[in-house]
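Residue numbers (our numbering): 13 to 84.
We treat Cβ as the ideally placed atom computed from N, Cα and C, and that holds for glycine.
Working notes, beginning with the structure itself.
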Amino acid sequence: MSGQREIYQSPNGDRWTLCREDDGRVFVLHEANLPSGGASAQIEISDFLSHGKAGPEQQALLRLIATLTQMN
Numbered sequence: 013m014s015g016q017r018e019i020y021q022s023p024n025g026d027r028w029t030l031c032r033e034d035d036g037r038v039f040v041l042h043e044a045n046l047p048s049g050g051a052s053a054q055i056e057i058s059d060f061l062s063h064g065k066a067g068p069e070q071q072a073l074l075r076l077i078a079t080l081t082q083m084n
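See the structure below:
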């Protein structure tokens, strides 16, 4: 992977990270907490935002995207 930025970490330890691969592919990496098995899954951005739009992890990604429009 050529770039990563943490989006959100839940109180139970799940983590969501925005990732970019060398070929330009961008996705969300979900890493479950250890009690839930600790599995990780790559989620396409469109799928991530279309499921559970009100979740704090989706809201965190939308806030991050919104910063791209801010003037310096």
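Note down the Cα distance separating residue i from residue j, rounded to an integer number of angstroms.
i: G67; j: H42; result: 14 Å
i: L163; j: L46; result: Residue 163 lies beyond the residue range present for the chain, which begins at 13 and ends at 84; the question has no answer from this structure.
i: M83; j: I77; result: 13 Å
i: N24; j: S52; result: 15 Å
i: T79; j: R17; result: 14 Å
i: Y20; j: T81; result: 20 Å
For residue i, is the beta carbon positioned less than 7 Å from some heavy atom of the ligand PLP?
i: E18; result: Absent from the structure shown: the ligand PLP. Ligands present: none.
I'd like to know whether the C-beta atoms of residue i and residue j end up nearer to each other than 8 Å.
i: A141; j: D26; result: Lying outside 13 to 84, the shown extent of the chain, residue 141 is not represented and no answer is given.
i: V38; j: I55; result: no
Which same chain residues end up closer than 6 Å to residue i when comparing Cβ atoms and leaving out the 5 residues on each side of it in sequence?
i: G15; result: R32
Within 10 Å of its beta-carbon, does residue i have 16 or more other beta-carbons around it, so buried, or fewer, so exposed?
i: Q71; result: exposed
Uninterrupted beta strand (DSSP E) stretches inside the stretch 43-71 (no shorter than 3 residues): 52-56
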